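Q:
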Amino acid sequence: MKGLYTALMCSFDEKGNVNEKGLREIVRYNIDVQQVDGLYVNGSTGENFLISKEQKKQIFDVVKNEAGDDVKLIAQVGALNLDEAVELAQYATNLGYNAISAVTPFYYKFDFDEIKDYYNTILDSVDNDLIIYSIPALTGVNMNLEQFGELFENEKVIGVKFTAPDFFLLERIRHAYPDKLIYSGFDEMLLSASVLNVDGAIGSTFNVNGRRAKQIFELAQNGQIGEARELQKVTNDLIAAILDNGLYPTIKEILKVQGVDAGYCRKPMKALDAAGVKQAKQIAERHL
Ligand code: NAY
Numbered sequence: 001m002k003g004l005y006t007a008l009m010c011s012f013d014e015k016g017n018v019n020e021k022g023l024r025e026i027v028r029y030n031i032d033v034q035q036v037d038g039l040y041v042n043g044s045t046g047e048n049f050l051i052s053k054e055q056k057k058q059i060f061d062v063v064k065n066e067a068g069d070d071v072k073l074i075a076q077v078g079a080l081n082l083d084e085a086v087e088l089a090q091y092a093t094n095l096g097y098n099a100i101s102a103v104t105p106f107y108y109k110f111d112f113d114e115i116k117d118y119y120n121t122i123l124d125s126v127d128n129d130l131i132i133y134s135i136p137a138l139t140g141v142n143m144n145l146e147q148f149g150e151l152f153e154n155e156k157v158i159g160v161k162f163t164a165p166d167f168f169l170l171e172r173i174r175h176a177y178p179d180k181l182i183y184s185g186f187d188e189m190l191l192s193a194s195v196l197n198v199d200g201a202i203g204s205t206f207n208v209n210g211r212r213a214k215q216i217f218e219l220a221q222n223g224q225i226g227e228a229r230e231l232q233k234v235t236n237d238l239i240a241a242i243l244d245n246g247l248y249p250t251i252k253e254i255l256k257v258q259g260v261d262a263g264y265c266r267k268p269m270k271a272l273d274a275a276g277v278k279q280a281k282q283i284a285e286r287h288l
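The UniProt record's numbering numbers the first residue of the sequence shown as 1 and each following residue consecutively.
1) Per DSSP, which one or two residues make a beta bridge with ALA99?
2) Name, in chain order, the residues that DSSP records as bridge partners for LYS161.
3) Only counting the same chain, and skipping five residues up and downstream in sequence, which positions put a Cβ closer than 6 Å to that of LYS180?
4) Is it true that the segment 5-24 meets the segment 248-268, where meeting means three or more beta-carbon pairs spaced less than 8 Å apart?
5) Count the other CB atoms, across all protein chains shown, that sit within 10 Å of the CB of LYS214; report buried if there are 16 or more and exposed otherwise.
6) Are the CB atoms of GLN76 and GLY22 within a distance shorter than 8 Å?
7) Within 10 Å of its beta-carbon, does ALA102 have 16 or more other beta-carbons around it, so buried, or fewer, so exposed?
8) Taking the alpha-carbon positions, what's the LEU219 to GLN258 distance?
9) Who are the near neighbours of ARG172 in its chain, counting only those whose CB is closer than 6 Å to its CB and skipping five residues on each side?
10) For ILE254 and SER204, which I take to be in contact (beta-carbon distance under 8 Å), what is that distance rounded to the nearest angstrom?
11) Where does PHE168 land, buried or exposed, given buried means 16+ other C-beta within 10 angstroms?
12) At a cut-off of 7 Å, would you count LEU4 as near the ligand NAY, judging by its Cβ distance to the nearest heavy atom?
13) How about ALA89 and ILE122: do their beta carbons lie closer than 8 Å?
14) Taking only three categories from DSSP, how would you classify PHE12?
15) Mind checking which residues open and close the alpha helix (DSSP H) that includes THR205?
16) With 16 as the cutoff for other CB atoms within 10 Å, does HIS287 come out buried or exposed?
17) Thinking GLN35 and PHE206 are a contact (beta carbons under 8 Å), I'd like their distance in whole angstroms, please.
18) Can you give the Cα-Cα distance for LYS161 and GLY200, rounded to whole angstroms?
19) Whole-angstrom Cβ separation of ILE283 and ASN245, contact assumed at under 8 Å?
20) Considering only residues of the segment 48-72, which uninterrupted alpha helix (DSSP H) runs meet the minimum length of 4 residues and lie entirely inside it, listed in chain order?
21) So, does the segment 112-129 touch the segment 79-97, judging by three or more C-beta pairs under 8 Å?
22) Tell me whether TYR40 counts as near the ligand NAY, meaning its Cβ is closer than 7 Å to at least one heavy atom of that ligand.
23) Roughly how many angstroms separate the alpha carbons of SER192 and ASP37, rounded to a whole number?
24) So which of PRO249, ASN142, TYR248, ARG212 has the shortest CA-CA distance to GLN232?
25) With distances taken Cα to Cα, identify the nearest neighbour of GLN147 among ASP166, ILE135, ILE115.
26) Just tell me which of GLN58, LYS53, SER134 has its CA closest to the CA of VAL18.
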């Protein structure tokens, strides 16, 4: 399960329905052109928190059907409605997803016992492994080393998608739990995380910059830090421009430049205006 995973985008039509043809194209582009090791499906980048349970299942179906066994697949099933999370975990497991992942429960201020119960409830319902999805900036849930350790006590918890700029905590987790998988979640910090010996990364920008990201990761693993730093600089020029123009709609627009029918984002995310579309095209020309 090690390696680079694209946090997969989903193509929606103007009304917000899943555009299956476009989704298949995104899957193929990631596998065939970006050559990533796996896909992380229905994460933040997949606009998971903006869609219905039925749409989540539809996306799990289409992605598995298109990807087959070409790459590893991780299904993000976390939801505030725990029954839904369990149902989705079972659904993705039955489809043959290699692992499930679940965001820490958010919005309400759950205490750690409640968070632990959430993960164990999901895991008790399936014969599959789980990767914790930790993204404190969006969830407000900050777990410490001991709390990660308590979650890791369940052997089916095989790792964490660590989307935080806290390299002290990252190093402590790496040191304390050498057998658990750690995936770096911020693409602009890939090199820094790779130096700390993470097992892989999961990123939104890999939809368009996967090959370069993989090079950064592999160079760092080989100790070729100077070359990796050069590529991280080029990558961060790209990421800064994308963030400035609007993260998900800009990645979709860049995919369109590559001939991929990436469609629209779900409301309330807004579409790029004409200037934004032009800017996205320039970003693709200048930085890819
Ligand atoms: C997800 O579930 O899709 C992710 O969390 C992927 C990680 C991304 N985080 C978000 C919130 O989009 O790739 C990152 C991020 O977009 C990138 O580093 C730019 O900041």
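We treat Cβ as the ideally placed atom computed from N, Cα and C, and that holds for glycine.
Being a predicted model, the structure only gives us computed values, none of them experimental.
A: Answer, in terms of the structure:
1) DSSP links ALA99 through a beta bridge to ILE74.
2) TYR133, TYR183
3) PHE152, GLY159
4) yes
5) buried
6) The answer is no: Cβ separation not under 8 Å.
7) buried
8) Going from the Cα of LEU219 to the Cα of GLN258 covers about 26 Å.
9) The residues are LEU145.
10) Going by Cβ atoms, the distance from ILE254 to SER204 rounds to 11 Å, so no, they are not a contact pair.
11) exposed
12) no
13) In this structure, ILE122 lies closer than 8 Å to ALA89 by Cβ.
14) In the structure shown, PHE12 adopts extended strand secondary structure according to DSSP, grouped into three states.
15) It is not in any alpha helix (DSSP H) - THR205 carries neither H nor E in the DSSP assignment.
16) buried
17) Between PHE206 and GLN35 the Cβ distance is about 10 Å, and since that is not below 8 Å, they are no contact.
18) 9 Å
19) At roughly 7 Å, the Cβ-Cβ gap stays under 8 Å, so ILE283 and ASN245 are in contact.
20) Counting only runs of 4 or more, we get 53-67.
21) Counting Cβ pairs under 8 Å, three or more are found: they touch.
22) yes
23) Going from the Cα of SER192 to the Cα of ASP37 covers about 20 Å.
24) Closest by alpha carbon: ARG212.
25) ILE115
26) GLN58
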